Structure formats: C-alpha cells, structure tokens
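Novice:
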Amino acid sequence: MGSPWKPLLLLSIISGLSDFAKAVGGRQVSYAAVLRMKGDSSSSLLSSRSRHAYSRGLVTPDWPTSFSSQHPSPLNLLSYQEEYRSQESEEFGPTFSQEPDDSIFALDSEEKKVMMSCEARGNPTPAYSWFINGTKLDVEADYRYSLMDGNLIITNASETADYGRYQCMAENSYGMILSRDALLQFAYLRAFSGRTRGAVSVREGQGVVLMCSPPPHSPEIIYSWVFNEFPSFVAEDSRRFISQVTGNLYVSKVQPSDVGSYICLVKNTVTNAKVLSPPTPLTLRTDGVMGEYEPKIEVHFSPSVLAANGVTVRLECFALGNPVPTITWRKMNGNIPKKARLRKSQAVLEIPNVQLEDSGTYECKAENPRGGTAFKGHLQVYTLPQWSSRINDTQLDSGEQLQWECRATGRPRPSYRWLRNGQHLVLSECHMVSGELIIHKVQQDDSGMYQCVAENKYGAIYSSAELKILASAPVFNPNPIRLIATLGKDVSLECKPKASPKPRVTWRRGDRRIQPNRRIMLLRNNTLRLVNASRSDEGNYVCRAENQFGSAEMTATLVVLPEAMRVDLSPSRVEVTVGESVVLSCKASHDPSLDVSFQWLLNQQPLDFQQEGGHFEYIQTSSTVDLMIRSILLKHAGKYGCRAQTSADTVFAEAELLVRGPPGPPGVVIVEEITDTTATLSWSAGLDNHSPISTYHLQARSPFSLGWQTVRTDPDPVTGVMESAMAVELNPWVEYEFRVVASNAIGTGDPSVPSRGVRTKEAVPSVAPANVSGGNGRRHELVISWEPVSEEFQNGEGFGYIVAFRANGTRGWKEKMVTSADSTTYKYRDETFPPLTPFEVKVGVYNNKGDGPFSGVVTVYSAEGEPREAPSEVKTSSTSSSEIKITWRPPNPGPGRPAGYEVSYWREGEQEESGKKKKTIGNETSMMLTGLGGNSVYLITVRGFNSIGQGPASIPSAAKTRKDPPVQPPANLMWIQEGNNVSLNWDPVKSQPNESDVIGYKVRLKLSWFLACALGVKGQVRTLEHTVTKQDQVFPLYSLLIQACRQLLSLKNWPPCLYFSIVTLFSYHAQT
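With mature numbering (1 follows the signal peptide of the UniProt record, and there is no 0) applied, the sequence shown covers -23 to -1, 1 to 1049.
Laid out in structure tokens, this is it:
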C-alpha cells in the first residue's frame, strides 16, 4: 500500500542518508519505514488503523509541517522511524473493512463457486468464522466450504443446502464482532410443462384472460407474449395488457384479428434465460357477438402495498369491458406525486424513487359508456434503519463510568440491542435503555468489542467500538526537557505524564514546593505558567506525578534570552487576477544562536504543498522564506500567515490576497410561474469576485436534451443587475430543471444549483408524425405506418394518432383513432379492396387538449395479392447424372408480383407431395437441382410466391438425368520406355448398360515430393492433366514430362527426363 512520496521530505532525507546510516550503526533500519506517509495527508505519519478515534488516550504525533533552516538530523530521522514502528505495533480489536452483501447465484453458471466477502483489520490479525441462519458453519467438516482470508467459498452450491442469511465473525485477542447479515439466493428458471394447453373460445367483443402459469423460478421474471410465431410479440395498448405480477395476458374486448396462437415468454432478470410456454389457441365462437357490458377490473394491486424507500413502485390496474374501458387514477386525500408516470395506456401507475410522503391510499377507476368500477389500495413506504449517531472506541480508567449512546432512524422505528464479543449483554452487568448503554464502574474484564444493533422488521445495522480499560503508573516522555523563553514574555512548562488512573501532580523548584501567586500560575491541566519571565526564573523545575500504581518525576530546565524575535511579511495586501502569479516574502529577526523554522498558513490552516497541484512553492534562506503562488485560482484568495518559530518564541504575521475572477454561482433558482411554453425564474446574485456581473444566461435540462442547453429569454439579454427573467420557447408538458450562469469581464462562472424539476402545462400537439408510408400486409389490407412522435412533442396526456385515408378519386376521408402513443402502424381491412388500390393517406395527432396538425398527404397502396400467373417457357437440361438445370420466364407484370420462385420436383411415377421443393434467392429465373438420382426422369414445376401467398404452378416439365459414369477403372496399366521415349498403355473400359458411354481418358502426371526436392522445386507439388481420345490406348509421356520440368523449374531447355519413370507417380480414370 504505497503512497505518493513527499518531495520536501525526500530532499531532506536524501541529503542526510549517509549521516543517518552512520548514526544507526550496525542496526537494521528500513528506509521505507521512514518514508511511508499517509495517502490522504502530507503532514502525518501513516496510521495502520482506519477507525474512529478513542475518546481518551494518546494522540498520534504529527510529522512537522514547518520548514526548518537546518536539515533534519540523522537522529531525528531515527526517532521518527521508532515512532512509526511503535504505531505499527499498536494492538487493537477487529473492525470490518468489508462486510458480506446480499448475493444471487445463477445455478446454471459455469463457475460453480459462490464467494461471500468478509475482511477485517486488527492487530493481532483477526481470525474468521461464519454463521448461516444463526448456526455456526463447520468449515472443517464439510469439504464444500473453504476460507480464503475472511472470504467464505462454497463449492457446488445448491438452493436446498445453502440458501439463507450469512454472518461473518472476526475475532482476535481483543474481542470479536459480527458483520451484518447477507442473504444468499439462487437464480434459476425451469421449463414450462410440456402438457398441451386447451383452446380458449370466446365471442367477439367479449373479454378474455390467457393464463401464463409460469414455471418455478427465482428471482423475478419479465413476462411477454408471442402471437402465432416468434418474434411477433403482442403489442400492449388500451385493449391488451400483460401483467408483470401474474404474467397473464388480458384482452378487454376480443376482435377477429386476435384469433391465433398465444405463447407466454418469460425471462429471468438475473440469468437472462428465456423459456416459452406451450401455445394457447384463441378462437371465436359462432353463436353471436357479445353485446356491450360494464367494466370489470381483472388486474389490480394489493389492498396493502409495502415498498422500500427509494425503489420504483408499479401499481397495475386493468379492466375487461365493451366498449374498451378507460383507466384513471387518483390519490385519496392528496395529489398523485408529480414524479409519477402513467404507463401502458394508463394501466400502470409508476412512482420512481418512492418516499415516505408518497404513502397513502390510491384508487384506480375503470369506466366505459355502460358504467364504471373502482379499486382502492394503501401504499405504505418503509425505510431500513440508518445511523444518526454511532459509538466510538473508548479508553477508560478502571472504576470510571462508561456511557455509550447510539441512535438510528427508520420506519418502523428501530429497536436496539447490545452485543459484547458477539454475545448478547445481560442486564445484570449493565444498564441498557433504548440505544443507551451505561456501565457504572468499569473493570478490566469489561474490556472487549461492543456492538450496538439497531433493527426493525426490514433490516438491522451494526455499530462497533472497542473498550479499553487502562491501569499504569506515571511515565514521562521525553524527560528531561529544556525550554527557552524570551525576557518579558510568558512561558509555560507542561506536565503531561502518561498514567491511568489520572495522577496527582505537584511542582517544585529545588527542594521547595512551588506555591501559585500573581506571576506564577498552576493551570488545571497541571501546566506551570510564568508571567513576564525574568533572568531570575532560570533554573530547574521538577514535576512529580503519582497514583496507586507508582510515581515519576520530570525535570524542565528553563533558559531566558534577552531579545524577542520579530517577523515582517510583505506585501501586506495584494490584488491579482485569476491566472496571475505573486510572491509573498517573510523575514524573521531573531537571536542568531537559535535555529528558526517557518510555516505558511492560509486562513489559519497550514498550507499543503503536495495537494495544491504545483500552485505553491517556497524558497528559504537562514532567516527568510518566500512563498510563490503560480496560476492563481479563486480558492487561493484569503489571509496568508507566516509563522516563525524558535525554541524560545513563536511570531506570526498576516497578509491579504484578493483574487479577481469569474463570478461565483448564483443563489437558489426558484420557478415563480409556469405556462405551456414559458417559465419565470428568480435567483439571488452570487459573488462577483471583485469584477461586476455583466450578464446572466438561463439554462434548462429535460429528459430529452443532451445535457444543459442555453434557452432564449425575455428580456434578452439578462443584465447583471437583474435577478429575474423568463425562459421562453419551451415545449409543453415536459419536465425541466433550470439553472443560471453569471458572466463578467473576466469570464463565465460556475452554474447555480439546479432548480427543482417542474413540468410545463399541457397544450394541443404541434408536431405531426414524420415519414408516413405503408404497403404490404395481408390480402385486402391497407397498412399505414409512420414514425411516432417523441414524448417531448406530445404536449400532454392522452396522446394518440388520427389516421385518415381515402381511395384515390373519392372525396370523404375515413378517420380512425389510434390511442397508443408508441404505435407506428395501423391496419384497415376491407374485403372489397382490389390488390394494389391507391389511397391518399395522412396521419394527425391529438391529446386531451385537442387535435393537432396532420402530416402531408402521401399515396399508399393496399396489399397486393398472390401471384396470378405461372412462370412460362420452363426449360430443363441434364448436365450430369445428378444435376438438372431449369430456366423459366417470369409472368407478365401486374398485381401479385412474385418476390421469388419455388421449384418442385419429384420422380416420375411418384406423387408430387413426396417430392422436394427449393426456393430462389430473390427474383432469379434459373436454378440448378443437385443430388438427383442417375438415369431417372423427374417432373418439375415452377410457381411464384410473395408475402401474401403462392401463385399457380407451371405445367410439369420432364427431364432425365444422365447415366452414372463407368465404375470399372482402366486395367493392365503398362509403362513402356524406348530410348528417350516413354509411353503408357492400358486396356479399354467397357461401360455397362446402366453406365454412360466412354468417350475418352484423362491422364494425370504428378511430380513426386522426393523429386521436387531433388530438383530444388519450391512450393506445392504440381499435377498436370492431359485428355486422351477413346481410340488411343497409348500415351507418350515425354512431352508431358518436359512440360512439367519447364513449368516447375522455368528452364528453356531441359535434357530428356528418362529417370522420371522411376520416381514419377500418376493417376488415371475413365472420362465420360
């Protein structure tokens, strides 16, 4: 755990390392121990603990923050090292740095191990044990359990054996503590039952519920429904609703278009596994249409809803009815939170980040022209306990009183209990009232680790602290000491023995006990204070401390010098602009026999040169130190102090630095008034940073903007003297946050804190849908599509679309309402539509405030029919014993254009249904059939198809594949060499009746790998072929060999390759 090195300390140490090594002699010293520093401070030694400070006890000495005129001596470095070692060796009880968290483990995970994390600090190093549901785990007895440091690892975890609440215990010789408990759950999703689901038959206009009946699962799952085939999902609207509580699909009013097969799809939220249910057919009864009836609420939230503070609450409400019911919501005795959203055509009320004030009774109401019905339920928000006051480590003397108090908030109100070393405290040992613990007279055996537990029925939290009981005789360190005072100044002689219990202290000078008077005072902290020191006060002073465990004395030698130190800091006041630099000079006049050290402060706080990013640098001589401040920022303004210190005196001087810069952030932004397109804002001016504010800019942010955007204002511009303005040209029914930015002559400052979110008022929609188009669909359908209007431009609740269309040449528009704001298509069916009938189409918008504009008129064609004509001029030809090529001419252009073609083929004498089918890719007009039987007659038809269906088939065409090639290879192969000539002879092949006739032979000559290497040929071995006519049974190889040599070696001349007959390999087959 390394920390950044401190440059000043490093320079000082490097300059004295050799002396330091000599000073420590033969002792083994770790330079790293000297250099280790805190990660969050440049002025303190690294502490090995990170926990609450003891309420009593020793204070860890700080690393000096002043700058001495002398380098630290090697002995000083050694003392620092010893001090650090003593801190490292400090012993303390365990404290958790990491506690187990709730965990969900996927049972189908490839990693078969679960790890519950636990880590604690302590000295001695803590040991760990684990509990499940309050029972200690025997890690040694069960091979599935193992510990890695404090972490518990479970191998081959199972839900039956390992589900539960886990706690980690950490202990060392000072006590033991329990962690918070953590729930281990297991994620899985079983398959649906394979049992066939019966059909659901209803009348048109009747409501229906299709049951999902999900399989066993853990934890939550997400439900959706597939219509007919994947991935065609059921779209939810005011008529159809999928409950994420039950998983069922609810259709308030069934239409003929709903007839089909429905499949429930569930998805595990942790593993993302998905499973599909068996299909549920939905059919229409033939005994009439369902008449109108009043709504009946089929889906509603629980009468009592419990929700944790900060989560998102979803309340569902959906009704069956004819006509389709409308759902409305209200909160009894109050208003629905402004942050709430209505989803899924108002069937879901969603409250994000629910708070205690959102609790109350909510009502959903379903209405249609036939009547209405309502349901009420109460939302109760609870909070887990949270600490408002914890307990801290405490050190007490034996016999003193311990009083600890812990406090927590929560709903329900938490109760408290106390643990010592992991065990419940009993009343006979102490006094416990609510969150208070009192032990009147502590004893040594009361030492240990204590925990306050605050809990309600939703959770528990733990606060831990260590109690140490002290008992020791007085000890002085350092002893003796030497003090230097200045003539006429006050001087204090401290007496701070380490002792427990608190000792009695007396002072003497020589043999006489010191009696306080007007010039000599004995303070309550046992410090001896001399007023207006004189040379007669020089000498030895002895402090004696005593308690029941022993006594000790400390001697202080006082020396009084005749002259006081003075310090001068210049300039005393300076004004600069952001980005500039300045130098402050501090000079001390002092007794030359004393060393002086300097310390710089800003607003009474020591300057941290390491954390200021290079803005500060100091240059020091024996009596002067200059502070350079580079690239000044606004935060560098203030009062700079220079403190000069010797062993006799400390003197302080101050200078003021004023920094001009961009304005600070304006004050709280308040939305005074809101309309549909404007917001009146007010704010208070921030700091001008010594340069007057010239202008303000108003900025807004909404869920639809890319961060903060500057908005137009009235007036424009907004001058620096104004503290109110109007933001204009906002979008209606959009939630905005506002902030204000100020500018001056130097630049633009930081923005104000954002205002609370406010929503502009509703207005009639002003944006029409874009990209209106359509086409395709089923026969006799007109499909109209558009790009949905963003929620940003819907301008209010109850947003929907008005789809208007008319056949070309007609006058009246037919209008249909689409109530879902997310809809992108509308389908209109009329059996009288001819295919590809042109329609004029436009799509408008509306909301609760009224109708908005329509899009421009476009022409959309109704769905085309299936192809009406069969392809013509179908031609076939056999290319081999297993292949037939087919070509055809497409049908004449017109309605029912093919999107592709389907070729059907079957053997003569068989039924067409037993044959095979093959489709083209696009509008190709040829196809190669492969994998056919040899010497066989096939019947072949071609038909067109498109999205509507298939057209008529062509008249079957017959084609016969060729016979199979001869099976018998050439026999009696002979290699004949005569001088420079080489010939190859073989017996002719006679084909069988079911085989093709022999028309020739193919001779292949291959250069062997061995010869290629011998000739220096690189690359792959080459093969040459030559075709021989049927009449030839002798083939001269010489020319082919020469050709091989020339190709392989790229030579113009080559001697006869007679030795090729030894090493050349060849293959042959009869050619058909």
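Glycine included, every Cβ here is placed at the ideal spot set by N, Cα and C. Every value quoted in this text rests on a predicted model; they were computed, and no experiment measured them.
Among GLN183, PRO474 and GLN588, which one has its Cα closest to the Cα of ARG262?
Specialist: For the residues GLN183, PRO474 and GLN588, the minimum Cα distance to ARG262 belongs to GLN183.
Novice: Apply the 10 Å Cβ neighbour rule to GLY470 and answer buried if 16 or more other Cβ atoms are within range, or exposed otherwise.
Specialist: The residue you asked about is not Gly; residue 470 is Leu in the sequence shown. So LEU470 ends up on the buried side.
Novice: Can you tell me whether HIS401 is buried or exposed, with buried defined as 16 or more other CB within 10 angstroms of its CB?
Specialist: Per the 10 Å Cβ criterion, exposed.
Novice: Which of helix, strand or coil does DSSP assign to ARG397?
Specialist: In this structure, ARG397 counts as strand in the three-state DSSP scheme.
Novice: Using the three-state DSSP reduction, which class does SER931 fall into: helix, strand or coil?
Specialist: Three-state DSSP puts SER931 in coil, outside helix and strand.
Novice: Comparing alpha-carbon positions, which option in ARG506, ALA632 and SER558 lies nearest SER549?
Specialist: For the residues ARG506, ALA632 and SER558, the minimum Cα distance to SER549 belongs to ALA632.
Novice: Identify the continuous alpha helix (DSSP H) that holds ALA324 and give its terminal residues.
Specialist: That residue, ALA324, is in no alpha helix (DSSP H); it is neither H nor E in DSSP.
Novice: PHE108 by DSSP, collapsed to three states: which one?
Specialist: Looking at PHE108 - three-state DSSP - the assignment turns out to be strand.
Novice: Based on Cα-Cα distance, which residue from GLU413, ASP78, TYR151 and ASP126 lies nearest to ASP101?
Specialist: A small correction: the amino acid at residue 101 is Pro; Asp does not occupy that position in the sequence shown. Among GLU413, ASP78, TYR151 and ASP126, the Cα nearest to that of PRO101 is on TYR151.
Novice: Can you tell me whether DSSP reads LYS738 as helix, strand or coil?
Specialist: Coil.
Novice: Anyone know if the C-beta pair for ALA168 and VAL252 falls short of 7 Å?
Specialist: Yes.
Novice: Given a threshold of 16 other Cβ atoms within 10 Å of its Cβ, counted over all protein chains shown, does ILE898 qualify as buried or as exposed?
Specialist: ILE898 should be labelled exposed.
Novice: Would you call the segment 503 to 517 in contact with the segment 588 to 597, where contact means no fewer than 3 C-beta pairs closer than 8 Å?
Specialist: No, because fewer than three Cβ pairs between the segment 503 to 517 and the segment 588 to 597 fall closer than 8 Å, the two stretches do not touch.
Novice: Quick one: what's VAL482 bridged to in DSSP?
Specialist: Answer by DSSP bridge pairing, in chain order: ALA522.
Novice: So, under 8 Å CB-CB, LYS230 and THR350 are touching, yes? Tell me the CB distance rounded to an integer number of Å.
Specialist: With 8 Å as the limit, LYS230 and THR350 do not qualify as a contact, their Cβ atoms being about 16 Å apart.
Novice: Which same chain residues end up closer than 8 Å to THR801 when comparing Cβ atoms and leaving out the 5 residues on each side of it in sequence?
Specialist: Only SER762, TRP763, GLU764 and PRO765 meet the Cβ criterion.
Novice: According to DSSP, is LEU611 helix, strand or coil?
Specialist: In the structure shown, LEU611 sits in a helix (DSSP, three-state: H, G or I).
Novice: Which same chain residues end up closer than 7 Å to LEU283 when comparing Cβ atoms and leaving out the 5 residues on each side of it in sequence?
Specialist: Counting only Cβ-Cβ distances below 7 Å, and skipping sequence neighbours, we find GLN357 and TYR359.
Novice: Could I get the ranges of all uninterrupted beta strand (DSSP E) runs contained in the segment 67 to 131, with 3 residues as the minimum, in chain order?
Specialist: Taking only runs of at least 3 residues, the beta strand (DSSP E) segments lying wholly in the segment 67 to 131 are 69 to 75, 80 to 83, 90 to 93, 96 to 100, 104 to 109 and 122 to 125.
Novice: Anyone know if the C-beta pair for THR248 and ALA147 falls short of 7 Å?
Specialist: It is not a contact, given that the beta carbons lie outside the stated cut-off.
Novice: From the beta carbon of TRP763, is the nearest beta carbon of chain B less than 7 Å away?
Specialist: In the displayed structure, chain B is absent; only one protein chain is listed.
Novice: Just reading off the alpha helix (DSSP H) that GLU136 is part of, what are its end residues?
Specialist: Start and end: 136 to 139.
Novice: I'd like to check one pair, GLN421 with ILE446: are the Cβ atoms closer than 7 Å?
Specialist: Yes, the pair counts as a contact, with Cβ atoms nearer than the cut-off.
Novice: Any chance you could list the beta strand (DSSP E) runs of at least 3 consecutive residues sitting entirely within the segment 876 to 911, in chain order?
Specialist: Those beta strand (DSSP E) runs which fall completely within the segment 876 to 911 and span 3+ residues are 877 to 884, 893 to 896 and 903 to 906.
Novice: Could you pull the start and end residues of the beta strand (DSSP E) that ILE240 belongs to?
Specialist: Taken as a continuous stretch (DSSP letters only), the beta strand (DSSP E) holding ILE240 covers 237 to 245.
Novice: Could you compute how far the alpha carbon of SER20 sits from the alpha carbon of GLN622?
Specialist: Reliability fails at SER20, whose pLDDT of 30 lies under 50, so the model's placement of it is uncertain and no value is given.
Novice: Near ARG318, what residues of its chain come up, given a Cβ to Cβ distance below 6 Å and the 5 sequence neighbours on each side ignored?
Specialist: Answer for ARG318: GLU327, listed in chain order.
Novice: If you scan the segment 741 to 774 from start to end, which runs of the beta strand (DSSP E) of 3 or more residues do you find wholly inside it?
Specialist: If we require 3 residues or more, the beta strand (DSSP E) runs fully inside the segment 741 to 774 come out as 747 to 751 and 758 to 764.
Novice: Between LEU561 and LEU604, is the Cβ-Cβ spacing less than 7 Å?
Specialist: Yes. Within cutoff.
Novice: Can you name, in chain order, every residue of its own chain whose Cβ lies under 6 Å from the Cβ of ALA343, other than the five neighbours on each side?
Specialist: The residues are PRO272, ILE274, ALA296, PRO302, ILE304 and THR350.
Novice: Please classify SER195: does DSSP put it in a helix, a strand, or coil?
Specialist: If DSSP states are grouped into helix, strand and coil, SER195 belongs with the strands.
Novice: Would you mind giving the Cβ-Cβ distance between ARG637 and ASN666, rounded to the nearest angstrom? I have them listed as a contact below 8 Å.
Specialist: About 6 Å; that satisfies the 8 Å criterion.
Novice: Judging by CA-CA distance, which residue of GLY337, LEU460 and SER661 is the nearest neighbour of SER732?
Specialist: Taking only the C-alpha atoms, the option nearest SER732 is SER661.
Novice: The beta strand (DSSP E) that contains ASN433, what's its start and end?
Specialist: Residues 425 to 433.
Novice: Contact check, VAL91 vs LEU161 under 8 Å by CB: the rounded distance?
Specialist: Going by Cβ atoms, the distance from VAL91 to LEU161 rounds to 7 Å, so yes, they are a contact pair.
Novice: Helix, strand or coil, according to DSSP, for PRO642 in the structure here?
Specialist: If DSSP states are grouped into helix, strand and coil, PRO642 belongs with coil.
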